[in-house]
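Residue numbers (the working numbering): 3 to 449. A virtual CB, placed ideally from N, CA and C, is assigned to each residue, including glycine. Remember, predicted model here, so these are calculated numbers, not experimental data. For reference, the structure discussed in these notes is given below.
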């Protein structure tokens with residue numbers, strides 16, 4: 003499902019509007035003064051604006067004047083420099099100062115989940131689940147205990163992100179960390195995207211962590227493996243592979259910018275970068291519009307590359323479902339001595355993950371035990387055993403070592419139940435095995 007349908011439609015409109023998440027105003031109902039992003043010339047794109055300014059922070063690249071690069075620390079003042087700003091309008095411009103206005107639509111739906119939530123975080127909302135979109139998602143997931151994992155799709159970076167967000171990897175239960183890393187390795191092999199920890203490799207501020215995220219809620223509170231797939235990396239397309247996801251945007255060599263522009267020229271015929279053209283801005287006067295068409299190059303794959311980019315991501319999403327626990331009958335049989343019948347049922351988990359999915363789920367007590375029930379008709383009598391038998395959790399294969407010399411391949415994924423029933427021959431009894439995460443199976447036995 004599309005968690006943010008309204009915001010996505012705004013971005014895809016003929017005259018687009020790019021916002022963080024929801025279209026509802028937050029935290030104020032009125033737009034504050036300053037520059038806000040807008041398609042000012044009505045061409046269906048939101049590009050960049052550059053203004054000549056002897057004290058600007060940007061200059062043209064010496065090898066390609068289309069490209070803007072930061073001034074060096076020792077560049078002397080008064081040169082041929084520019085201010086580089088997003089295309090947009092300036093509310094109540096005073097003729098001198100240009101400041102970025104906080105967005106009118108300031109909600110961030112991925113800060114809305116009830117895990118480590120704090121009200122002072124930008125876009126967090128009035129309280130966890132205050133917005134209808136995350137509230138609907140939480141209600142659906144809470145009502146479907148058979149959900150065993152999640153993959154959320156965002157853009158961009160070309161990476162799979164996993165919890166923990168709040169702490170280091172060694173805060174996870176050991177087996178959960180091993181399993182997360184195995185799943186991450188599988189994602190890397192199938193998609194080419196690296197799989198990393200948010201805490202270790204994807205922090206915007208090294209002293210802070212993101213709060214109220216969907217992935218953390220899914221793992222920390224519901225105890226299932228959750229991933230965010232950040233689709234697309236323009237850097238990787240240009241052959242830039244050794245870089246830190248967030249740190250690169252703070253600082254990187256100008257040669258990287260040139261590589262990316264050259265990739266655009268070759269792979270896209272240059273259409274991802276717009277040559278600068280003059281425009282009479284309603285508040286700022288004569289400016290130049292142009293630069294990166296970021297929506298179709300940086301934020302998302304270009305349309306002609308989209309299917310190729312996302313196909314392996316869909317394959318991994320399916321694989322992440324196929325590793326789920328699954329109940330099946332290993333054996334159901336009965337023997338009789340007269341009208342006394344001994345029934346034996348053996349259930350096993352044929353999935354890779356255990357029925358509880360994670361150790362975290364056991365810690366949070368969010369999943370029930372395996373339950374096996376026997377239903378007897380009128381006239382039948384249970385002589386031994388229980389109508390309802392609780393069998394705990396069944397392991398899968400995720401915990402088993404790949405070292406085969408002293409392999410422990412014990413049958414920890416199986417459980418057995420026996421009953422003794424007194425009934426006439428031909429009587430039918432029904433056996434049911436139930437686990438909220440691994441499924442429900444039934445077997446009818448004719449005695």
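Residue 338 sits in a strand when the DSSP states are folded into three classes.
If you look at residue 290, you'll find it in the beta strand (DSSP E) that goes 287 to 294. Residue pairing of residue 375 in beta bridges, as defined by DSSP: 390 and 434.
Relative to residue 384, the option among 186, 423, 198 and 75 whose CA is nearest is 423. For residue 25, the closest of 53, 82, 133 and 42 by C-alpha to C-alpha distance is 133.
Between the C-alpha atoms of residue 391 and residue 374 there is a straight-line separation of about 5 Å. With a cutoff of 8 Å on beta-carbon distance, residue 168 and residue 216 are scored as not near each other.
Where residue 37 is concerned, there is no enclosing alpha helix (DSSP H), although the beta strand (DSSP E) around it starts and stops at 36 to 39.
By the Cβ rule, the region 318 to 334 counts as touching the region 426 to 443, because three or more pairs are nearer than 8 Å. Membership of residue 9 in the alpha helix (DSSP H) is indicated by the continuous run 7 to 14.
As the crow flies, the alpha-carbon of residue 306 is around 14 Å from that of residue 297.
In summary, residue 128 is exposed, with fewer than 16 beta-carbon neighbours lying within 10 Å of its beta-carbon over all protein chains present. When secondary structure is reduced to three states using DSSP, residue 267 falls in the helix class. For the pair residue 257 and residue 18, the Cα-to-Cα distance works out to about 31 Å. Between residue 400 and the set 410, 355, 324 and 108, the nearest pair of CA atoms involves 355. Along the length of the region 194 to 259, whole beta strand (DSSP E) runs at least 3 residues long occupy 197 to 199 and 227 to 233, reported in chain order. Put simply, the backbone Cα of residue 139 is about 21 Å away from that of residue 367.
Between residue 109 and residue 162, the CB-CB gap reaches or exceeds 8 Å. A distance below 8 Å separates the beta carbons of residue 219 and residue 115. Taken through DSSP and simplified to helix, strand or coil, residue 17 comes out as coil.
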